[in-house]
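Presented below is the structure to which this report refers.
2 protein chains.
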Amino acid sequence: MFSGAQISLYPMSDDFADVILSAIGALEPYRPHFRIETDDISTLIVGPPEQLFPAMRDLFLAAARSGKHCVLSATVSRGCPGEPDDPICTPLTGSRNNLPLADRIEEARARVAGTDGTGQAVAAQFSLYPLGAGHHMDEIYGCIEFLKTSGVFDRSKNFCTKLRGDAGPVFATLAEAFLRFGAPEGHVALDLTVSANSPTAA
Amino acid sequence: MFSGAQISLYPMSDDFADVILSAIGALEPYRPHFRIETDDISTLIVGPPEQLFPAMRDLFLAAARSGKHCVLSATVSRGCPGEPDDPICTPLTGSRNNLPLADRIEEARARVAGTDGTGQAVAAQFSLYPLGAGHHMDEIYGCIEFLKTSGVFDRSKNFCTKLRGDAGPVFATLAEAFLRFGAPEGHVALDLTVSANSPTAA
Numbered sequence: 010m011f012s013g014a015q016i017s018l019y020p021m022s023d024d025f026a027d028v029i030l031s032a033i034g035a036l037e038p039y040r041p042h043f044r045i046e047t048d049d050i051s052t053l054i055v056g057p058p059e060q061l062f063p064a065m066r067d068l069f070l071a072a073a074r075s076g077k078h079c080v081l082s083a084t085v086s087r088g089c090p091g092e093p094d095d096p097i098c099t100p101l102t103g104s105r106n107n108l109p110l111a112d113r114i115e116e117a118r119a120r121v122a123g124t125d126g127t128g129q130a131v132a133a134q135f136s137l138y139p140l141g142a143g144h145h146m147d148e149i150y151g152c153i154e155f156l157k158t159s160g161v162f163d164r165s166k167n168f169c170t171k172l173r174g175d176a177g178p179v180f181a182t183l184a185e186a187f188l189r190f191g192a193p194e195g196h197v198a199l200d201l202t203v204s205a206n207s208p209t210a211a
Numbered sequence: 010m011f012s013g014a015q016i017s018l019y020p021m022s023d024d025f026a027d028v029i030l031s032a033i034g035a036l037e038p039y040r041p042h043f044r045i046e047t048d049d050i051s052t053l054i055v056g057p058p059e060q061l062f063p064a065m066r067d068l069f070l071a072a073a074r075s076g077k078h079c080v081l082s083a084t085v086s087r088g089c090p091g092e093p094d095d096p097i098c099t100p101l102t103g104s105r106n107n108l109p110l111a112d113r114i115e116e117a118r119a120r121v122a123g124t125d126g127t128g129q130a131v132a133a134q135f136s137l138y139p140l141g142a143g144h145h146m147d148e149i150y151g152c153i154e155f156l157k158t159s160g161v162f163d164r165s166k167n168f169c170t171k172l173r174g175d176a177g178p179v180f181a182t183l184a185e186a187f188l189r190f191g192a193p194e195g196h197v198a199l200d201l202t203v204s205a206n207s208p209t210a211a
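Line by line, the protein sequences give chains B and F.
Numbering-wise, this note's numbering comes out as the position in the first sequence, counting from 1, plus 9.
Numbering-wise, this note's numbering comes out as the position in the second sequence, counting from 1, plus 9.
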């Protein structure tokens, strides 16, 4: 298993570099579990699949607290057959998606309901790609059924689903979508945009 | 067939709204062919698959000419079985991917070689997701073989491929990857980031 994300942070501000450099400290608690590499386009984090969304949440919250309009964009992946197995990516809690679809929807919903708020409102949109053989649209439709009752569902859009609410349950919902849908050892990718402090937020 | 993209433009500048509003005029020539809808996260364009990357290129060039560090992020899709067929999405030139893989690589390379430069240097990274049944990794590896000889290949990264060069051949390369790989009528998604004027560009 290999799991990780390519993450980019975009503060819409003249001092974007300062906002990014200040926020990146929020990744420190995750550093012992992750391999982290940065270039001019994105920062790679490779590590346990359950830690990816908490790390992105903390990074984004640190940037959003600047008050500037900030966006986090990420490509998240697990189980890519083109990547080597890596012990650093061993799931902390075992697979979360070896149950029937209806049970997974129920467990995902319960976990989001038990998530603490952060006080930061965000909007997010994402696409889930369960790759390879199998019923990829069934998994997508199952995931959408979960999303609609997650408490942070905003609306379905072409190619993606939009969420809105407190960053706590929003990132928890994204993590559940990524961890519980698609084949347990399958190749799943997720393409994510999260926005805060937008002057045009509906 | 249904094809389109959710596009976001991120100018790292206090006057980000002005940069975006000025750039959006670059989509005017495409408006007769597209359905265009905007919300607080992204702009949807739905139209012929061959026109998606030229439209994104012109939009991004208009923003990059501000001299500000700008990023375009997009989720591009064709053939999604969850979207209705739409006559507006009819390919202009017929399918480009009903030939054997080796021939498609050759044609893609020739088309990029014949593309004009724009004078704007960019870096880009993207992931290609051929969804549903079929040999999705064969199509991905075939696409990577094309990319390596495209003239704008920078390097392979985890989960994505990075390109670097003039915006003309870079966007042409992205279009070829999207149009020629994956099943002809299959569901293909592409997750894209393009950056210009970065102070940390390698």
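Each residue gets a CB set at the ideal place from its N, CA and C atoms; glycine is no exception.
Does the separation of the CB atoms of residue i and residue j fall below 9 angstroms?
i	j	result
residue 135(F)	residue 200(F)	yes
residue 205(F)	residue 69(F)	yes
residue 77(B)	residue 132(B)	no
residue 13(F)	residue 55(F)	yes
residue 160(B)	residue 122(B)	yes
residue 73(B)	residue 43(B)	no
residue 75(F)	residue 51(F)	no
residue 84(B)	residue 25(F)	no
residue 183(F)	residue 59(F)	no
residue 49(F)	residue 86(B)	no
Near residue i, what residues of its chain come up, given a Cβ to Cβ distance below 8 angstroms and the 5 sequence neighbours on each side ignored?
i	result
residue 120(B)	181 and 185
residue 21(F)	77, 78, 79 and 80
residue 154(F)	114
residue 139(B)	145, 148, 149, 190, 191, 192, 195, 196 and 197
residue 37(F)	none
residue 97(B)	42, 43, 44, 55, 56 and 57
Ignore the nearest five residues each way along the sequence and tell me which others in residue i's own chain have a CB closer than 7 angstroms to its CB.
i	result
residue 152(F)	137, 186 and 190
residue 89(F)	11 and 196
residue 118(F)	155, 158 and 159
residue 30(F)	none
residue 141(B)	195 and 196
How many whole angstroms separate the CB atoms of residue i and residue j, which I take to be in contact at a CB cut-off of 8 angstroms?
i	j	result
residue 99(F)	residue 57(F)	6 angstroms
residue 15(F)	residue 157(B)	Not confirmed; about 20 angstroms, so no contact.
residue 61(B)	residue 203(B)	No, residue 61(B) and residue 203(B) are not in contact; Cβ-Cβ is about 13 angstroms, not under 8 angstroms.
residue 209(F)	residue 177(F)	Going by Cβ atoms, the distance from residue 209(F) to residue 177(F) rounds to 23 angstroms, so no, they are not a contact pair.
residue 23(F)	residue 125(B)	Not a contact, Cβ separation roughly 33 angstroms.
residue 19(B)	residue 19(F)	4 angstroms
Can you list, in chain order, the residues of its chain with a C-beta nearer than 6 angstroms to that of residue i? Leave out the 5 residues immediately preceding and following it.
i	result
residue 46(F)	53
residue 71(B)	32 and 35
residue 110(F)	151
residue 163(F)	171, 172 and 173
residue 95(B)	11
residue 8(F)	No statement about residue 8(F) is possible, as the shown extent of chain F runs from 10 to 211 and does not include it.
residue 179(B)	131, 133, 161 and 172
residue 116(B)	none
Which chain A residues are close to residue i, counting only those with a beta carbon under 7 angstroms from its beta carbon?
i	result
residue 146(B)	In the displayed structure, chain A is absent; the protein chains listed are B and F.
#### Entry: Segments assigned alpha helix (DSSP H), at least 4 residues, entirely inside the stretch 137-167 of chain B
145-157
#### Entry: Ordered list of beta strand (DSSP E) runs contained in the stretch 176-211 of chain F, each at least 3 residues
196-205
### Task
Please go through the stretch 89-130 of chain F and give each complete alpha helix (DSSP H) segment of 4 or more residues, from N-terminal end onward.
110-122
### Message
Quick check on the DSSP output: what are the complete beta strand (DSSP E) runs of length 3 or more inside the stretch 29-60 of chain F, in order along the chain?
### Response
Unbroken beta strand (DSSP E) stretches of 3 residues or longer found wholly inside the stretch 29-60 of chain F: 44-47 and 52-55, given in chain order.
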